[in-house]
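Trainee:
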Amino acid sequence: MSARGSVVVAGAGMHPWGKWGRNFTEYGVHAARAAMADAGVAWSDVDLVVGGETVRNGYAGYVAGSTFAQALGWNGARIATSYAACATGAQAIDTARARILAGLSEVALVVGADTTPKGFLAPNAGERWEDPDWLRFRLLGMTNPAYFALYARRRMDLYGATSEDFAQVKVKNARHGLANPNARYRKEVAVEDVLASAVVSDPLHLLDICATSDGAAAVVLVGEEYAQRHGLVDPVRVAAVSTVTPTFPNTVIDMPLLATDCSAATGTPERTFKESIAHAAYEEAGIAPEDVDVAEVYDLSTALELDWIEDLALCGRGEAEALLRAGETTIGGRIPVNPSGGLACFGEAVPAQAIAQVCELTWQLRGQATGRQVEGARVGITANQGLFGHGSSVLLVR
1492 MSARGSVVVA GAGMHPWGKW GRNFTEYGVH AARAAMADAG VAWSDVDLVV GGETVRNGYA
1552 GYVAGSTFAQ ALGWNGARIA TSYAACATGA QAIDTARARI LAGLSEVALV VGADTTPKGF
1612 LAPNAGERWE DPDWLRFRLL GMTNPAYFAL YARRRMDLYG ATSEDFAQVK VKNARHGLAN
1672 PNARYRKEVA VEDVLASAVV SDPLHLLDIC ATSDGAAAVV LVGEEYAQRH GLVDPVRVAA
1732 VSTVTPTFPN TVIDMPLLAT DCSAATGTPE RTFKESIAHA AYEEAGIAPE DVDVAEVYDL
1792 STALELDWIE DLALCGRGEA EALLRAGETT IGGRIPVNPS GGLACFGEAV PAQAIAQVCE
1852 LTWQLRGQAT GRQVEGARVG ITANQGLFGH GSSVLLVR
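Counting from 1492, one number per residue, gives the positions in the sequence shown under the numbering used here.
1. Report the residue from L1669, W1625, D1705 and I1591 whose alpha carbon sits nearest the alpha carbon of P1830.
2. For I1700, which residues does DSSP report across the bridge?
3. Taking the C-alpha atoms as reference points, what is the distance between L1595 and T1586?
4. Roughly how many whole angstroms lie between the Cα atoms of Y1730 and S1573?
5. So the candidates are E1597, A1501, R1588 and N1673; which of them puts its Cα closest to the Cα of Y1518?
6. Are G1502 and E1597 close, meaning C-beta to C-beta below 8 Å?
7. Find the nearest neighbour of Q1659 within the set P1737, D1782 and H1696, judged by alpha-carbon distance.
8. Report the CB separation of D1520 from V1710 in whole angstroms; it is logged as a contact under 8 Å.
9. Quick one: Cα of D1782 to Cα of V1870, how far?
10. Along the chain, where does the beta strand (DSSP E) containing L1507 start, and where does it finish?
11. Checking the sheet assignment: what are the DSSP bridge partners for N1673?
12. Give the list of continuous alpha helix (DSSP H) stretches no shorter than 4 residues that lie fully inside the segment 1778 to 1865.
13. When DSSP labels each residue in this structure, what does S1493 get in the three-state scheme?
14. Under the rule that 16 or more other beta-carbon atoms within 10 Å means buried, what is C1753, buried or exposed?
15. Pull up the DSSP beta-bridge partners for G1542, would you.
16. Taking the CB atoms as reference points, tell me whether C1806 and L1795 lie closer together than 8 Å.
17. Which residues does DSSP list as the beta-bridge partners of G1882?
18. Output yes or no for whether 8 Å exceeds the beta carbon distance between R1588 and V1498.
19. Ordered along the chain, which non-local residues of its own chain (more than five positions away) have a Cβ less than 6 Å from that of A1860?
20. Comparing alpha-carbon positions, which option in Y1550, A1562 and V1546 lies nearest V1540?
21. Between the C-alpha atoms of V1500 and P1507, what's the straight-line distance to the nearest angstrom?
22. Let me know the secondary structure DSSP gives D1684 once reduced to three states.
23. Is the beta carbon of Y1676 less than 8 Å from the beta carbon of A1665?
24. Determine, using beta-carbon pairs with one atom in the segment 1638 to 1658 and one in the segment 1687 to 1706, whether at least three such pairs fall under 8 Å.
25. For Q1582 and T1734, which I take to be in contact (beta-carbon distance under 8 Å), what is that distance rounded to the nearest angstrom?
26. Taking all protein chains shown into account, decide if G1531 is buried (16 or more other Cβ within 10 angstroms of its Cβ) or exposed.
27. Rounded to whole angstroms, what's the CA-CA distance from G1564 to V1601? Just pull it up for me.
28. Please classify R1896: does DSSP put it in a helix, a strand, or coil?
29. Report yes if the C-beta distance between G1543 and G1603 is below 8 Å; otherwise report no.
30. Whose C-alpha, out of V1788, N1514, G1880 and R1762, is nearest the C-alpha of N1548?
31. Please classify Y1455 as buried or exposed, where buried requires at least 16 other C-beta atoms within 10 Å of its C-beta.
32. For A1756, which option in P1740, I1800, S1767 and H1721 has the closest C-alpha, if you only look at C-alpha atoms?
33. So what does DSSP say about G1668, is it helix, strand or coil?
34. May I ask you to report which of helix, strand or coil DSSP gives G1871?
35. For R1863, does the count of other Cβ atoms within 10 angstroms reach 16, so buried, or fall short, so exposed?
36. With a Cβ-Cβ cutoff of 8 Å, do C1663 and T1821 count as a contact?
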């Protein structure tokens, strides 16, 4: 992507993640102000606010763009609100980016924040027989950890992954997160600690699975001309945002969907859904997987991180375990994955997590990730999958 017409990440900010017991708006305002301070942008200059919707916080969560704009003080900015489950933040970034590229906005603030209950995320109350998310719980008892475990078992059966491999992902991410001031869990663990923790859904243990958290993240996006006028030299740019859906036939089950399309008449597609998410980002940016220096991926479970490394084409299919065992996915390795500590250290705050990944990569590409810096990083990619066909990947370059 050429510099002309590109979108710049001018600022990034977060509210530390944890279980704080306060209103999600407070977290979002904190992150927004941190992002604006990082960008050197006054609230009065923001002409677009895009909020990541949270379904757990009442009407204010459903109209998150308006909620954050009001809390910051009405300034006449246009607003939008996005929801795509765990891909919410990337979709919100895409909305802001599109308006900037269209010349309809110059300075956009993108904010995601959430409060979450203890335990796994469950559907909203009430009977909804045409709601696939509700049905997976009601008919199958298919909580998130249950289908994380199915993915993990698949890796074991196909590629020889072991429980020790999964535990080593947690060990790596916990070590990465030690120096991250925004992380909820900042404690080293050993493989033995993971394997000794309670089995939640075989073969996954408690420490293999991310928690649910309160937290927030925000970015300020600006147009190239604005960046130049305000002296942003060699900034981080959004080279691509992928929000693709599956392509028929979708022959690999993407949980929590529980059926596949028949390929008898049409043949097997070239890429799975998750592979197509990253491919679309690489294609849009004109960047190859081998150009990537650092990745932030969706480690809802330790096994899922290994899947995403392959889905992003950072190694061949079935090779992620070997990459992990060789230390190539840790800081200092060939392709560091989740230098932030990932969801293993943060937990899920659904509308914020894809934005948090962009914050981390922004700091990495600027060389500002103190204590966890990937030296010389110039290209970073994220991956997040929302439920039922929401894909997301953001590719940043400097």
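Note that the Cβ used here is the ideal one computed from N, Cα and C, for glycine as well.
Computed from a predicted structure; not experimentally measured.
Mentor: Reading from the atomic positions:
1. As a first step, residue 1830 must be located in the sequence shown, where it is residue number 339. Among L1669, W1625, D1705 and I1591, the Cα nearest to that of P1830 belongs to L1669.
2. For the purposes of this step, residue 1700 is taken as residue 209 along the sequence shown, with counting starting at 1. BP columns for I1700 point to S1792.
3. Within the sequence shown, the letter at position 104 stands for residue 1595. Within the sequence shown, the letter at position 95 stands for residue 1586. Straight-line Cα distance between these residues: approximately 11 Å.
4. Taking the first residue of the sequence shown as 1, we reach residue 1730 at position 239. Taking the first residue of the sequence shown as 1, we reach residue 1573 at position 82. According to the sequence displayed, residue 1730 carries Ala and not Tyr. Straight-line Cα distance between these residues: approximately 21 Å.
5. Looking up residue 1518 in the sequence shown gives position 27. The option with the nearest alpha carbon to Y1518 is N1673.
6. Translated into positions along the sequence shown, residue 1502 becomes position 11. Translated into positions along the sequence shown, residue 1597 becomes position 106. Not in contact: G1502 and E1597 (Cβ atoms no closer than 8 Å).
7. Residue 1659 sits at position 168 when you count from the first residue of the sequence shown. Taking the Cα of Q1659 as reference, the smallest distance to any Cα among P1737, D1782 and H1696 is reached at H1696.
8. One-based indexing of the sequence shown puts residue 1520 at position 29. One-based indexing of the sequence shown puts residue 1710 at position 219. For the record, residue 1520 in the displayed sequence is Val; it is not Asp. Not really, about 15 Å apart at Cβ, beyond 8 Å.
9. What you label residue 1782 is simply residue 291 of the sequence shown in a count that begins at 1. What you label residue 1870 is simply residue 379 of the sequence shown in a count that begins at 1. Whole-angstrom Cα-Cα distance: 7 Å.
10. Start at 1 with the first residue of the sequence shown, and residue 1507 comes out as number 16. For the record, residue 1507 in the displayed sequence is Pro; it is not Leu. Segment V1498 to G1509, the beta strand (DSSP E) holding P1507.
11. Numbered from 1 along the sequence shown, position 182 holds the residue referred to as residue 1673. The partner list for N1673 (beta bridge, DSSP) is empty, contrary to what the question assumes.
12. 1793 to 1802, 1811 to 1816, 1833 to 1837 and 1841 to 1857
13. Your numbering for residue 1493 matches position 2 in the sequence shown. Because the pLDDT at S1493 is just 39, under 50, the model does not fix this residue reliably, and the value given afterwards should be weighed accordingly. Note: S1493 maps to coil in three-state DSSP.
14. Your numbering for residue 1753 matches position 262 in the sequence shown. So C1753 counts as exposed.
15. Counting from 1 along the sequence shown, the entry for residue 1542 is found at position 51. Beta-bridge pairing links G1542 to T1572 and V1602.
16. The residue labelled residue 1806 in the question sits at position 315 within the sequence shown. The residue labelled residue 1795 in the question sits at position 304 within the sequence shown. Taking 8 Å as the Cβ cut-off, C1806 and L1795 do not qualify as a contacting pair.
17. Residue numbering aside, residue 1882 sits at position 391 when the sequence shown is read from its first letter. DSSP lists Q1876 as partners of G1882.
18. Mapped onto the sequence shown, residue 1588 falls at position 97. Mapped onto the sequence shown, residue 1498 falls at position 7. A contact, by the Cβ cut-off of 8 Å.
19. In the sequence shown, the residue the question calls residue 1860 occupies position 369. Only W1854 meet the Cβ criterion.
20. On the sequence shown, position 49 is the one that residue 1540 refers to. Selected option, being the one with the closest Cα: A1562.
21. Locating residue 1500 in the sequence shown gives position 9, counting from the first residue. Locating residue 1507 in the sequence shown gives position 16, counting from the first residue. Roughly 20 Å between the two C-alpha positions.
22. Translated into the one-based positions of the sequence shown, residue 1684 becomes position 193. Reduced to three states, the DSSP call for D1684 is helix.
23. Taking the sequence shown and counting its residues from 1, one reaches residue 1676 at position 185. Taking the sequence shown and counting its residues from 1, one reaches residue 1665 at position 174. In this structure, A1665 lies closer than 8 Å to Y1676 by Cβ.
24. yes
25. Along the sequence shown, read from residue 1 onward, the residue named residue 1582 stands at position 91. Along the sequence shown, read from residue 1 onward, the residue named residue 1734 stands at position 243. Indeed they touch by this definition, with Cβ atoms about 6 Å apart.
26. Translated into positions along the sequence shown, residue 1531 becomes position 40. Result: exposed.
27. Here residue 1564 refers to the residue found at position 73 when the sequence shown is read from its first residue. Here residue 1601 refers to the residue found at position 110 when the sequence shown is read from its first residue. Between G1564 and V1601, the C-alpha separation is close to 16 Å.
28. Residue 1896 lies beyond the residue range present for the chain, which begins at 1492 and ends at 1889; the question has no answer from this structure.
29. By one-based count along the sequence shown, residue 1543 stands at place 52. By one-based count along the sequence shown, residue 1603 stands at place 112. Against a cut-off of 8 Å, the Cβ pair of G1603 and G1543 comes out as a contact.
30. Residue 1548 sits at position 57 when you count from the first residue of the sequence shown. That would be N1514, whose Cα lies nearest to the Cα of N1548.
31. A query on residue 1455 cannot be resolved here, the shown segment of the chain reaching from 1492 to 1889 and no further.
32. Residue numbering aside, residue 1756 sits at position 265 when the sequence shown is read from its first letter. Of P1740, I1800, S1767 and H1721, the residue nearest in Cα terms is P1740.
33. Position 177 of the sequence shown, counted from the first residue, corresponds to residue 1668. It is helical.
34. Translated into the one-based positions of the sequence shown, residue 1871 becomes position 380. The answer is strand: DSSP assigns G1871 an E or B state.
35. One-based indexing of the sequence shown puts residue 1863 at position 372. Classification of R1863: buried, given that the 10 Å Cβ count is 16 or more.
36. Here the question's residue 1663 lines up with position 172 in the sequence shown. Here the question's residue 1821 lines up with position 330 in the sequence shown. Before going on, a small fix: residue 1663 reads as Lys here, not Cys. Contact annotation: K1663 and T1821 have beta-carbon atoms nearer than 8 Å.
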